[in-house]
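J.:
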Amino acid sequence: MKKKKVIVIGAGFSGISAATALADKGYEVQVLEKNAEPGGRARVFREGGFVFDMGPSWYWMPDIFETYFGKFGKKPSDYYELKRLDPSYTVILSDSEVIDIPADMDGIKDLFESYEEGASGQLDKFLKQAAYKYRVGIQDFVWRPSVKITEFLSLKLLIDAIRMDVFSSFYKHIRKFFKSGTILKLMEFPILFLGAISQNTPAMYSLMNFAEITMGTWYPMGGMHQIVKGMVALAEEKRVKFTYNSEVTGFEIVNKHVRAVKTAKGLIEADMVVASADYHWVEQLLGEDFRNYSEEYWDKRVMAPSSLLFYLGISKRLPKLKHHNLFFDRDFSVHSHEIYTDPSWPSDPLFYASAPSVTDPSVAPEGCENLFLLIPVAPNLEDTEAYREKYFLQLMDRLEAYCGENIRDSIVYKRSYAHQDFMSDYHAFKGNAYGLANTLFQTAFLKPSLKNKKLDNLYYTGQLTVPGPGVPPSLISGLVVAHEVDKSLRK
Ligand SMILES: Cc1cc2nc3c(=O)[nH]c(=O)nc-3n(C[C@H](O)[C@H](O)[C@H](O)COP(=O)(O)OP(=O)(O)OC[C@H]3O[C@@H](n4cnc5c(N)ncnc54)[C@H](O)[C@@H]3O)c2cc1C
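Take the sequence shown: its letters are residues -23 to -1, 1 to 468, numbered as in mature numbering (1 follows the signal peptide of the UniProt record, and there is no 0).
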């Protein structure tokens, strides 16, 4: 019998994940990717001996990667070598307060105790609750397709939801355990990965702290794109066909059914389509009659931030830097106001500097440093060269002051990246970097649906739908949609 054909739009983490799972279930799968290479927001580029990961740099929740590869009888180590970082990362709170976060629990407890008497015991209590949330959240909630509210209507789930602290904020929750301003800042950091501030993030996301503290911060040697490389290799083992430089520009729809997708080279027929490209963009291609959501709906969504990024090749080593450096030496309440409440270019931003060459000599020429700088900024800002340069000079001043040496004269490669690039490279709605924020009202069935409600064979996956932004959630999203698609095709 002829195999049913599934087209997956986009070769980011979610698209590759969905494609691999569907090929594994016996479907003929073709991935159409607009760019010349896979990875989406996690692509890589090479310049003058430097290897720059374009997006993700934090490898958290190693168990999810194991689950992913394990589903296909593989292990991450079949494809890449992981190294645990110690310190996990460094937080610069002021000139005089620089904290290396130890990889081991005893070290973290000593650190907490040095800021607040009794804080190590409080950490135990906090982590005990967070462990429950991680277990229920990661083993149950995130695997729910969330296409119907009824998936969540059971007494057990309601009890779980209450125990998970779905309905209170992380901000309030964490203050029940700690008073030290420094500890609060450290504990609120992982929440930033969810694209919202702690006041608007459900307390169940203390599961992020659990993951970070107990499972550690890892790095795939060679760079984060090694994960993509491994996933593509696995997909190709399953006979997924990748077609690059192949943008989907529309759909041929007959009787509420997508018969084919349109590309510059013509129509490609399919029994099923899974769109992992930015959700809002796919809806534009469908036209008004077949969209799940209106423009007003999208305008009301709380987007996770966009980013202003700099990829820098430095012709010397910078001994003061660790692998991950968080410059939290400014008032976050002002910066977050400028991201969420009054979207504008930040007056005095926090920023993040990653120097993977500290861990991995293969990502920079000998004696050089590979530097990735990131400022979280509001989506939909006017993105001009003048703004980019203004912030570049600010970051240089701060980095040079911290490192105690001139850096700008040693820059041998420089590239900036912001809203305009997110839009032209990924069709990102408002130039978003990380999709939708994980606020209470944008969680589970309150997120854009995995299923197109007006067409019988179009599904969505990726960071704008369930379970949310980040590499592990995108992997899960692909697996969840593959399960739904398989059920639908078997009907
Ligand atoms: C700067 C940055 C830093 C980050 N840091 C981290 C981190 O440290 N840790 C972490 O876990 N997560 C991080 N993230 C988040 C993580 O990278 C994303 O959540 C994840 O990569 C999203 O994967 P995706 O498959 O949903 O989307 P994407 O990666 O955007 O994939 C969608 C794909 O669809 C393609 N496409 C779009 N339109 C079309 C079309 N019309 N036709 C064909 N193809 C199309 C795009 O080119 C793209 O390849 C970061 C993201 C960014 C941007």
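Cβ atoms here follow ideal geometry from the backbone N, Cα and C, with glycine treated the same way.
None of the values given here were measured: they were computed from a predicted structure.
Any idea if residue 214 is buried or exposed, counting beta-carbon neighbours within 10 angstroms, 16 or more meaning buried?
T.: So residue 214 counts as exposed.
J.: Is the distance from the Cβ of residue 100 to the Cβ of residue 336 below 8 Å?
T.: No, Cβ-Cβ distance for residue 100 and residue 336 is not below 8 Å.
J.: Quick one: is residue 234 buried, meaning 16 or more other Cβ sit within 10 Å of its Cβ, or exposed?
T.: It is exposed - the Cβ of residue 234 has fewer than 16 other Cβ atoms within 10 Å.
J.: If residue 321 and residue 355 are in contact, beta carbons under 8 Å, what's the gap, nearest whole angstrom?
T.: Going by Cβ atoms, the distance from residue 321 to residue 355 rounds to 7 Å, so yes, they are a contact pair.
J.: Measuring CB to CB, does residue 201 end up less than 8 Å from residue 454?
T.: No; because the gap between Cβ atoms is not below 8 Å, this pair is not in contact.
J.: Is the number of C-beta pairs between the stretch 176 to 196 and the stretch 39 to 50 that are closer than 8 Å three or more?
T.: Short answer: they touch.
J.: With a cut-off of 8 Å on the beta carbons, I'd call residue 404 and residue 67 a contact; round off their distance for me.
T.: Between residue 67 and residue 404 the Cβ distance is about 35 Å, and since that is not below 8 Å, they are no contact.
J.: Look up residue 389 in the DSSP assignment and say whether it is helix, strand or coil.
T.: Here residue 389 sits in strand by DSSP.
J.: Less than 6 Å between C-beta atoms, sequence neighbours within five positions excluded: which residues of the same chain meet that for residue 119?
T.: 444 and 453, listed in sequence order.
J.: Please go through the stretch 282 to 317 and give each complete alpha helix (DSSP H) segment of 4 or more residues, from N-terminal end onward.
T.: Counting whole runs of 4 or more residues, the stretch 282 to 317 contains the alpha helix (DSSP H) stretches 309 to 313.
J.: For residue 414, which residues from the same chain have a beta carbon less than 6 Å from its beta carbon, with the 5 sequence-adjacent residues on both sides left out?
T.: Counting only Cβ-Cβ distances below 6 Å, and skipping sequence neighbours, we find 172, 173, 279 and 281.
J.: With DSSP collapsed to three states, give me the class of residue 42.
T.: If DSSP states are grouped into helix, strand and coil, residue 42 belongs with the helices.
J.: Can you tell me whether residue 67 is helix, strand or coil according to DSSP?
T.: If DSSP states are grouped into helix, strand and coil, residue 67 belongs with the strands.
J.: How would you call residue 189, buried or exposed, if buried means at least 16 neighbouring beta carbons within 10 angstroms?
T.: It counts as buried.
J.: In angstroms with no decimal places, state the Cα-to-Cα distance between residue 385 and residue 345.
T.: Looking at the two C-alpha atoms, the distance is approximately 13 Å.
J.: I need the DSSP call for residue 195, collapsed to helix, strand or coil.
T.: The answer is strand: DSSP assigns residue 195 an E or B state.
J.: On a CA-only basis, which of 114, 166, 242 and 343 is nearest residue 137? Give me that one, please.
T.: The candidate whose alpha carbon is nearest that of residue 137 is 114.
J.: For residue 366 and residue 44, what's the separation of their Cα atoms in angstroms?
T.: Answer to the nearest angstrom: the Cα atoms are 42 Å apart.
J.: Give the single residue among 464, 465, 230 and -14 whose Cα lies nearest to the Cα of residue 224.
T.: That would be -14, whose Cα lies nearest to the Cα of residue 224.
J.: Taking the beta strand (DSSP E) that residue 61 falls in, what are its first and last residues?
T.: Counting along the chain, the beta strand (DSSP E) containing residue 61 begins and ends at 59 to 61.
J.: Give a yes or no on whether the C-beta atoms belonging to residue 9 and residue 240 are separated by under 8 Å.
T.: Yes, Cβ-Cβ distance for residue 9 and residue 240 is below 8 Å.
J.: Thinking residue 306 and residue 70 are a contact (beta carbons under 8 Å), I'd like their distance in whole angstroms, please.
T.: With a Cβ gap of about 6 Å, residue 306 and residue 70 count as contacting.
J.: Bridge partners of residue 419, per DSSP?
T.: BP columns for residue 419 are empty, so no partner.
J.: Take every Cβ of the stretch 81 to 93, pair it with every Cβ of the stretch 314 to 334, and state whether three or more of those distances are shorter than 8 Å.
T.: At 8 Å Cβ cutoff, the stretches do not touch.
J.: Using the three-state DSSP reduction, which class does residue 330 fall into: helix, strand or coil?
T.: In this structure, residue 330 counts as strand in the three-state DSSP scheme.
J.: Spell out the partners DSSP gives residue 23 in its beta bridges.
T.: Bridge partners of residue 23: 28.
J.: Thinking just about the alpha-carbon of each residue, which of 462, 216, 449 and 286 is nearest to the one in residue 1?
T.: Closest option to residue 1, Cα to Cα, is 216.
J.: Please go through the stretch 86 to 157 and give each complete alpha helix (DSSP H) segment of 4 or more residues, from N-terminal end onward.
T.: Here the runs fully enclosed are 96 to 116, 132 to 140 and 147 to 152.
J.: Taking 7 Å as the cut-off, is the CB of residue 440 close to at least one heavy atom of ligand 1?
T.: True, at least one ligand heavy atom lies under 7 Å from that Cβ.
J.: Determine the closest residue to residue 327 out of 334, 447, 338 and 315, with distance taken between C-alpha atoms.
T.: Checked all of 334, 447, 338 and 315; the closest Cα to residue 327 is 315.
J.: Just reading off the beta strand (DSSP E) that residue -8 is part of, what are its end residues?
T.: Counting along the chain, residue -8 falls outside any beta strand (DSSP E), though it belongs to the alpha helix (DSSP H) covering -11 to 1.
J.: If residue 431 and residue 267 are in contact, beta carbons under 8 Å, what's the gap, nearest whole angstrom?
T.: Going by Cβ atoms, the distance from residue 431 to residue 267 rounds to 5 Å, so yes, they are a contact pair.
J.: Here's a check: name, in chain order, each residue in its chain whose Cβ is nearer than 7 Å to the Cβ of residue 22, leaving out the five neighbours to either side.
T.: Result list for residue 22: 29 and 31, in chain order.
J.: Check this for me: beta carbons of residue 542 and residue 168, under 8 Å apart or not?
T.: Outside the modelled stretch of the chain, which goes from -23 to 468, sits residue 542, for which no answer is possible.
J.: If you draw a straight line from the alpha carbon of residue 304 to that of residue 353, how long is it in whole angstroms?
T.: Each residue's alpha carbon lies about 12 Å from the other.
J.: Would DSSP call residue 234 helix, strand or coil?
T.: Residue state, collapsed to three classes: strand.
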